[in-house]
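Worksheet for the structure shown next.
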Amino acid sequence: MRELTYLIAVSLDGYIAAPDDAFDAFLTEGDHVDHLFAEWSDTLPAAALTAAGAAADNKHFDTVVMGWQAYAVGFPFGVTDPYPHLRSYVVTHRPEREVPGDPGGVTLTGEDPVALVRRLKQEDGSGIWLCGGSRLAATLADEIDRLVLKVHPILLGEGKPLFAQRPYARTAFALAETRSFTTGVLMNTYVRR
3 MRELTYLIAV
13 SLDGYIAAPD
23 DAFDAFLTEG
33 DHVDHLFAEW
43 SDTLPAAALT
53 AAGAAADNKH
63 FDTVVMGWQA
73 YAVGFPFGVT
83 DPYPHLRSYV
93 VTHRPEREVP
103 GDPGGVTLTG
113 EDPVALVRRL
123 KQEDGSGIWL
133 CGGSRLAATL
143 ADEIDRLVLK
153 VHPILLGEGK
163 PLFAQRPYAR
173 TAFALAETRS
183 FTTGVLMNTY
193 VRR
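Here it is, written out as structure tokens:
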């Protein structure tokens, strides 16, 4: 069975974006970025890969699931298919006409996210990446098999949390790996117990 991995950058105080959905406070240069290109290239947008003269190796994932806000980040830059190297699903009830251009290989779906992920887990292939955002992560919390948190040495004070509020449910994860970088970023990998 395929695994769902929530891999995302997060501040020390648990936010994945500022209140206005901006994530420009996160460090974009340094040895942690080199590690992303070397180890997690499948999670990088095509534009970043092209600019670096790199290509996705799809070592970890062949599918990405994201919410509308995570998807729409690229719209101001004309990006409507940020990860053409992955099968892309955007969980939304918004109509396709709200995409400013051709969504390419992106599938917009109003399907229940839990049902979608359970179906995808049953298919052949490699891993499934949960790209964001916090409401979708909260909905899919019980389906997440692995967390890979890129913890940046910043405090945001408020913004979009790692997980939106959800009913109390104790879910335990075990720390599987920690990697530190000279930038101060820690990459922590947790697996479901």
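Under the working numbering, think of the first position of the sequence shown as 3, with each following residue one higher.
In this text, a Cβ means the ideal position worked out from N, Cα and C, and glycines have one as well.
Check whether residue i and residue j have beta carbons under 9 Å apart
{"i": "Leu9", "j": "Leu149", "result": "yes"}
{"i": "Val153", "j": "Leu6", "result": "no"}
{"i": "Pro84", "j": "Gly76", "result": "yes"}
{"i": "Ala72", "j": "Gly134", "result": "yes"}
{"i": "Thr173", "j": "Thr191", "result": "no"}
{"i": "Gly69", "j": "Arg137", "result": "yes"}
{"i": "Val66", "j": "Leu88", "result": "yes"}
{"i": "Leu151", "j": "Leu164", "result": "yes"}
Through-space distance from residue j to residue i, alpha-carbon basis
{"i": "Leu177", "j": "Asp22", "result": "31 Å"}
{"i": "Val93", "j": "Val12", "result": "21 Å"}
{"i": "Val193", "j": "Glu125", "result": "21 Å"}
{"i": "Arg4", "j": "Ala19", "result": "28 Å"}
{"i": "Ala57", "j": "Tyr170", "result": "41 Å"}
{"i": "Phe175", "j": "Ala140", "result": "15 Å"}
{"i": "Ala166", "j": "Thr52", "result": "33 Å"}
{"i": "His37", "j": "Gly55", "result": "15 Å"}
{"i": "Glu145", "j": "Glu41", "result": "24 Å"}
{"i": "Ser90", "j": "Arg96", "result": "16 Å"}
{"i": "Gly16", "j": "Arg99", "result": "33 Å"}
{"i": "Asp114", "j": "Arg121", "result": "11 Å"}
{"i": "Ala24", "j": "Ala48", "result": "19 Å"}
{"i": "Thr111", "j": "Thr45", "result": "21 Å"}
{"i": "Ala74", "j": "Glu160", "result": "21 Å"}
{"i": "Lys123", "j": "Pro78", "result": "32 Å"}
{"i": "Val35", "j": "Lys162", "result": "22 Å"}
{"i": "Ser43", "j": "Gly80", "result": "21 Å"}
For residue i: DSSP bridge partner residues
{"i": "Ser136", "result": "None, per the DSSP bridge assignment."}
{"i": "Gly129", "result": "Phe63"}
{"i": "Thr7", "result": "Trp131, Arg148"}
{"i": "Ala176", "result": "Val193"}
{"i": "Gly69", "result": "Val93"}
{"i": "Arg181", "result": "Met189"}
{"i": "Val12", "result": "Val153"}
{"i": "Pro163", "result": "Tyr17"}
{"i": "Leu110", "result": "Val92"}
Contact set for residue i: own chain, Cβ-Cβ below 6 Å, skip 5 residues either direction
{"i": "Ser182", "result": "Leu188"}
{"i": "Ile156", "result": "Ser13, Ala27"}
Sequence-distant residues of the same chain with beta carbon closer than 8 Å to residue i, five excluded per side
{"i": "Asp33", "result": "Phe183, Thr184, Thr185"}
{"i": "Thr82", "result": "Gly76, Val101, Pro102, Gly103, Asp104, Pro105, Gly106, Val108"}
{"i": "Asp147", "result": "Glu5, Leu6, Thr7, Val193, Arg194"}
Residues of its chain near residue i, where Cβ-Cβ distance is below 7 Å and the 5 sequence neighbours each way are ignored
{"i": "Leu29", "result": "His154, Thr185, Val187"}
{"i": "Arg195", "result": "Ala174, Phe175, Ala176"}
If you pair each beta-carbon of the segment 58–67 with each one of the segment 124–132, do three or more pairs fall below 8 Å? yes
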